[in-house]
Every structure is written in C-alpha cells, then in structure tokens.
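2 protein chains.
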Amino acid sequence: MPQNPANQEISIAVIKTACSNCNLRELCLPYGLNLEELERLDDLVSTRRRIKRGDHLYRAGEAFDAIYAIRSGFFKTDVLLEDGRDQVTGFQMAGELLGLDGISTEHHTCNAIALEDSEICAIPFSRLESLSREIHTLQHHFHKVMSREIVRDHGVMMLLGTMRAEERLAAFLLNLSQRFTARGFSHAEFYLRMTRDEIGSYLGLKLETVSRAFSRFQEEGHIAVQQKHIRILNVNGLKALMNHRS
Amino acid sequence: MPQNPANQEISIAVIKTACSNCNLRELCLPYGLNLEELERLDDLVSTRRRIKRGDHLYRAGEAFDAIYAIRSGFFKTDVLLEDGRDQVTGFQMAGELLGLDGISTEHHTCNAIALEDSEICAIPFSRLESLSREIHTLQHHFHKVMSREIVRDHGVMMLLGTMRAEERLAAFLLNLSQRFTARGFSHAEFYLRMTRDEIGSYLGLKLETVSRAFSRFQEEGHIAVQQKHIRILNVNGLKALMNHRS
DNA sequence: AATTGCGGTTGACATGGATCAAGCGAACGC
DNA sequence: GCGTTCGCTTGATCCATGTCAACCGCAATT
C-alpha cells in the first residue's frame, strides 16, 4: 500500500514540533531570532510534554533544571504556607514561560498546575544559558522576559495593596482580555479556566466576594457572566471601575 | 613638605572603588567570581554616585540603560497609579540591585528614592550583558538575582493576599532583621529608615494600623519600639504571630 | 525659648469584605 | 435516569481595618 502523501505531511509536521514552526514564537522565547538562530533553539527545545488538567507540571521543592514554555493550555502557579494557607501567584497561558522562580535556589518555589489539558516545551536551563551566551538576541530577550515577570508582579502588588474588590476584579478581567487578544482570541468573550476560589486567591479575596462582584458587574451592564463564560459588554465601564478612587 | 604615606594610602583606596575591594561583593553581583573575572567587572562598574536622602535615583518613565548596586544607604521603590494612589514595591539595602524592572520595556517602571544619604554603583546594562556572555559565573549569578527578585515578589503577594495586619508586620520585621544580619548588623536592634506611612503602603495597610500593630507588639513584649528605633525582644514570638491562622 | 511642622500615637466610629449558612444548577459517576 | 458532588450564588451577620479626628513630641528654624 502506497504512503498517503497527506499523511506523510502530517507526520512530518508532528515530528517537527520545534520553535521554528510554532505560531507562538512571537510571544515566546524565540522572539526576534533569525532563522539560523531559531534552528539552534530548536535543538534545545526538544522535549514536549502533555499535562492533563489538574496535574502538576512541577511542585514546590523539586529540583529545578528547566523552564517551560506553554505550547497550549492554561496553568496556575501557587505557593503554600506551612499553616495551610495558599495563594495563587499567577495564571499562565500559551506562549508564556513557567519556572523562572526556580533559577534562584535551583529548586522550584511554587507549584505549577494545569487548569486544562495542556502541552509544554521543556527548555533545559543550563543549555539555555549556553545558547544565550552565543546568541545575543536570545540573551537579551530572555532578560526582558524575566524583567517583565518582575513588572507583572509589581502590578499584582499594586492591585493587592491599594485596590478594593471590584477594582481588582475589573483589572483582572481586563488583563485576561488583553492577553487573549494578543493570542488572536476575542477580547470580549472567553471562558475562565479557573474557579471563583482560584480567582479569589489570586486577588486576595474570598470566593463569595468574587461571585458578588461578578453579579454586580452584570447588574450594571459591564459584563455578561454565566458560570465560567464571560462576555465583556463595556470595556470602558470596567476601566473606569478600575481606577475610580474610593 | 613630604607626602604623608598614610594619606597616600587613603587616596589610593578612594580611587580604587571597584568591586574587587568592596566588602559587599559576596552579597552583590560579583558573587562567585574569581580575581581575574572580578577585575573585568571592575572596568564595567566605574561610575559611582551619591544620592542624597529624598532624591530619586531614577523615575518611572525614564529611559533605562543601567542597573544599580547599592554601595551604602537605603532605598525604596514605588509605583504610581494615574489616580494618585501609590504603592511602595520594595525597600532595598546595601548589596542589593535596583532597576531590574527597566529591562523589560527599556524604561523604568517605578521610582527609586533614597531613604538616607546613599551611594550607588551604576552598571551599564548592555555592557553587563556582553560581559556575562563571556563570564558564565556572572551570567548565572545575574539570572539568580533576577529570579530571587521574582521569588521575593511572590512572598509579598502572599503577604498581601493572605495575611492579616499583625502577621504582615511581623513578617516585615523578621525580613528586615534577617537582611541586617546578613550585612553584619545586629539582628535584634535597628533603625527603620522608612515612615509608618511607607511601611503601610508596602504592606497594604494604613499608617494608623501599622502604628497600632507596633504598639500591640510592644505591649505583648515582642519588641521595644520608640519611633524608628526597633529592638526585637522575642523573635519566636514574632514568628509565631506570623503564621498563626486567624 | 518659642514656633512650626512632620511623624507618630491613640480613640471613636464606619464599612468593606469575611464568615456562616442555605440553596441551586451543571457535570459526572453509577 | 438519578443521586451526588462541586462550583456558584445569595442573604444575614460580624469583625478587622479604614477613616476621621485630636493630640503628642521631637527636631529644625528663628
């Protein structure tokens, strides 16, 4: 039986899972690299892994040796205190990097958990360091990514430190919307991958408060919400809510 | 009149302000470098600057081209929202780096303000990148420092998101104490460089709440506080306070 | 020594969000 | 098809912290 050329094409595509033909490359680590550089990065990012919804990509305390790029799916990271309290420190989507916190101590300091079936690319860190000693652009972009993470965290500190419940939730929705947009999805309609409890943990609120804020936004015509399905009806309304001094 | 050899020695010491004879090098960027590498770093870290108490090292929005190591003194960083609210995002002391947030957008995203007369070393960032392409150890340590900043920020998020007022303040004091210790100062007695308002901003509390928490700690015998002068009388008491679930 | 101002403390009261509790609907296993 | 579970919503009440206000004390200035 002769090979089906269509199938062959597909199987090649499956094998070639490298950065050079990943449509997220402009959002991810390869940003700004030329073709030759991209191929060198490909060699490095060979391992891809599926993570099922609910499974850990890594756990706090595990040895660190790679960072992870999200190829598809959705993650949360969280930190646990000895006394049982925990806090979601972030939600990550396709094209974003996970594991940067582990560089510091060579152990992961948080848990990364898939909120839907996901696929990640593992990037061995010492090899990334080697390569970025050779490819200036890669080095610089990696530094930018780390720095962006710091800036993002400052934004969350701002949110937790100075905003009230509805402002926090408005900021959260606008941030999600903006990130979905950057990935080519609708800015006005999306499914939340996380529960009210996880949103609350991230925003420093109880789940009931999150739920009430959603209801209030709906009453006021800013959004339509049905469980995890969100439609943003009035972006400017949300923006106004976000920095309306108490 | 003949040169006084003692003076000559001093003047040499003043000129030689490089990393290789800085006693903070084990806390700062040069960590782990050998002598030869240290000297190469010296070339890079040539500019030193004094910043008077209250002055800005940099402001949000300014172009970024260098990171700064604190040689002596004490800084705060803060972010301003359009509506006037601001949040202190960190306090930095000798040996710590400032300006990492600027790498991401090539503009600083926060203000860095001296809380006492300070001295900083400016490290031109593109030259740091060049050098760290050549010195593996420097590259790796720099990555660790950035990552540590991310971990630190997660700690603050934890604090702001899940802790109550007294827990936050206890955590804050213990953190300061630990950092002073690392610099060879007393772990039990120090002067706060910042006002109650600045502490409050950092911890997401109002200054009155900070003041009351201090008073309460004193009543309970955990600390002795007189204005900015703090003595920690019972470290374990504070630690217990810190993770005592409500 | 008196004046001024800023940072800090303390008290009285207000309130946003937490807590407790009940009920509901969608998803899932049997 | 039916119960069970889980996530969500909503209501009633409580409490930690914010808000407003008065006052104190140290330090700088004159």
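Protein chains in written order, with the working numbering: chain A, 6 to 251; chain B, 6 to 251.
All C-beta atoms, glycine included, are put in the ideal place defined by N, C-alpha and C.
{"Check": "Determine the burial state of H148 (chain B): buried for a count of at least 16 other Cβ atoms within 10 Å of its Cβ, exposed for fewer.", "Outcome": "buried"}
{"Check": "What does the alpha-carbon distance come out to for the pair T167 (chain A) and L120 (chain B)?", "Outcome": "22 angstroms"}
{"Check": "By the three-class DSSP mapping on this structure, what secondary structure does E111 (chain A) have?", "Outcome": "coil"}
{"Check": "Does DSSP classify F222 (chain B) as helix, strand or coil?", "Outcome": "helix"}
{"Check": "Can you give me the Cβ contacts of R258 (chain A) inside the same chain, cut-off strictly under 7 angstroms, excluding the 5 residues immediately before and after it?", "Outcome": "The structure shown has nothing for residue 258 (chain A), since chain A only spans 6 to 251."}
{"Check": "Report the rounded CA-to-CA distance for E101 (chain B) versus V50 (chain A), giving the unit in angstroms.", "Outcome": "33 angstroms"}
{"Check": "Which value, in whole angstroms, describes the spacing of the CA atoms of E203 (chain B) and L212 (chain B)?", "Outcome": "8 angstroms"}
{"Check": "For the stretch 33–48 of chain A, enumerate the residues whose C-beta is nearer than 7 angstroms to any C-beta of chain B, in chain order.", "Outcome": "none"}
{"Check": "V230 (chain A) CB to nearest chain B CB: under 8 angstroms?", "Outcome": "no"}
{"Check": "If distances are taken between C-alpha atoms only, which option among B:F79, B:L43, B:R184 comes closest to R55 (chain B)?", "Outcome": "B:F79"}
{"Check": "Per DSSP, A175 (chain A) forms a beta bridge with which residues?", "Outcome": "According to DSSP, which records beta bridges pairwise, A175 (chain A) is partnered with nothing at all."}
{"Check": "Measuring alpha carbon to alpha carbon, tell me which of B:A218, B:I118, B:L40 ends up nearest R58 (chain B).", "Outcome": "B:I118"}
{"Check": "For N241 (chain B), which of helix, strand or coil comes out of DSSP?", "Outcome": "helix"}
{"Check": "In terms of residues, what are the limits of the beta strand (DSSP E) holding S123 (chain B)?", "Outcome": "116–129"}
{"Check": "Report yes if the C-beta distance between R173 (chain A) and L208 (chain A) is below 8 angstroms; otherwise report no.", "Outcome": "yes"}
{"Check": "Across which residues does DSSP place K81 (chain A) in a beta bridge pair?", "Outcome": "A:F96, A:I118"}
{"Check": "Out of A:F222, A:I235, A:A23, state which residue places its alpha-carbon closest to the alpha-carbon of L246 (chain A).", "Outcome": "A:F222"}
{"Check": "The stretch 113–129 of chain A: which residues have C-beta closer than 8 angstroms to a C-beta of chain B, in chain order?", "Outcome": "T114, C115"}
{"Check": "So with CB distances below 9 angstroms, who are the chain A contacts of M199 (chain B)?", "Outcome": "Those within 9 angstroms of M199 (chain B) in chain A number zero; the least Cβ separation is about 15 angstroms."}
{"Check": "Quick one: any contact between the stretch 37–49 of chain A and the stretch 64–76 of chain A, if contact means 3 or more CB pairs under 8 angstroms?", "Outcome": "no"}
{"Check": "Three or more beta-carbon pairs under 8 angstroms between the stretch 151–158 of chain A and the stretch 151–161 of chain B, yes or no?", "Outcome": "yes"}
{"Check": "The alpha helix (DSSP H) that contains Y207 (chain B), what's its start and end?", "Outcome": "201–208"}
{"Check": "Taking just the CA atoms, how far does P35 (chain A) sit from E124 (chain A)?", "Outcome": "17 angstroms"}
{"Check": "Would you list the one or two residues that DSSP bridges to L29 (chain A)?", "Outcome": "None, per the DSSP bridge assignment."}
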